[in-house]
Amino acid sequence: MVILGAGGHASEVLDVLLAAKTIASDSILFFDNTPNAHPSKFGYKIINHVQELQEQFKKTPEFIIAVGSPRVRQLLFEIGLQNGGTPFSVISTLSLISTLNVQLGKGLNIMHHAHIFPEVIIEDGVLINAGSYIHHNVCIGQFSEIGPQCVLAGGVRIGKYVQLGAGCIVKPTIQICDDVVIGAGTVVYQNIDEPGTYVGSSLRKLR
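Here you go:
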């Protein structure tokens, strides 16, 4: 099993993976091709080259995306697929996921104590961070990141590549378009139809 990414979020993914006890710890390694990648992480090997990744996938093709940034999540997802890998979803055994028509995509991270309620669609590559609540009839687009302790009320629609900071609350039936960043602690009380970064009680757009 290859974990794509070796930063802080990768540590949390490793923790979820080990807690599930479904993967042998000695079969795990990391891939990180950034210039500052360290030679090991918690004693696990880090490979740095695509050629090494290809060789590993010949043995075990499964890979896990383990970064927060939506666009980097997509990039790593594509690197994995292009080099012969198969996306694997990490889902914490401490999360609660309804059995009533929840549709889960490929290559997800669903972290500790996340709650996912009925009639929810989560598309490929999404990250649901610890302690978040995804209520009924929510749809979350590809590679989006839902920060820790976020609350998405019923009927919310989240586009692709959206990043919700820690503690965001999205009120019922709100729609957020693609490529939006919402600052930590923000209450989203109206639709967001234009890409950009939004913060504060007034949903002030920064850029």
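Mapped onto numbering that gives the first Met the number 0, the consecutive letters of the sequence shown carry residue numbers 0 to 206.
Virtual Cβ for every residue (Gly too), placed ideally from N, Cα, C.
Beta-carbon proximity of residue i to residue j, cut-off 8 Å
i, j, result
"His-114", "Ser-91", "no"
"Ile-133", "Glu-122", "no"
"Val-150", "Ile-173", "no"
"Val-125", "Gly-104", "yes"
"Lys-58", "Ala-9", "no"
"Ile-175", "Gly-158", "yes"
"Val-137", "Ile-168", "no"
"Ile-78", "Gln-102", "no"
Straight-line Cα distance separating residue j from residue i
i, j, result
"Ala-65", "Ile-109", "11 Å"
"Gly-182", "Gly-4", "24 Å"
"Pro-194", "Ile-145", "17 Å"
"Phe-76", "Phe-142", "9 Å"
"Arg-203", "Gln-53", "45 Å"
"Leu-163", "Val-180", "6 Å"
"Ala-165", "Asn-128", "9 Å"
"Gln-50", "Gln-189", "47 Å"
"Val-89", "Lys-170", "27 Å"
"Leu-99", "Ser-131", "18 Å"
"Leu-13", "Asn-47", "18 Å"
"Met-0", "Leu-95", "24 Å"
"Glu-201", "Ile-191", "A small fix is needed here, since residue 201 is Ser in this sequence, not Glu. Their Cα atoms are separated by approximately 12 Å."
"Ser-97", "Pro-147", "19 Å"
CB-CB length for residue i against residue j, believed under 8 Å
i, j, result
"Ile-22", "Tyr-43", "In fact, because the Cβ distance is near 12 Å, the residues do not count as touching under 8 Å."
"Pro-60", "Tyr-160", "Between Tyr-160 and Pro-60 the Cβ distance is about 26 Å, and since that is not below 8 Å, they are no contact."
"Phe-87", "Phe-62", "6 Å"
"Phe-56", "Asn-32", "About 15 Å separates the two Cβ atoms, so there is no contact after all."
Residue i Cβ short of 7 Å to the ligand HEM heavy atom set
i, result
"Val-89", "Ligands in the displayed structure: none, and consequently the ligand HEM is not present."
Paired residues, beta bridge with residue i - DSSP
i, result
"His-114", "Leu-95, Tyr-132"
"Asn-108", "Val-89, Leu-126"
"Tyr-43", "Lys-40"
"Leu-28", "Val-1"
"Lys-204", "Tyr-197"
"Gln-62", "With the sequence shown as reference, residue 62 is identified as Phe, and Gln is not the correct amino acid for it. DSSP lists Val-1, Pro-86 as partners of Phe-62."
"Leu-103", "Ile-121"
"Ile-173", "In the DSSP output, where bridge partners are listed per residue, Ile-173 has none listed."
"Gln-162", "Glu-144, Val-180"
"Cys-138", "Ile-120, Arg-156"
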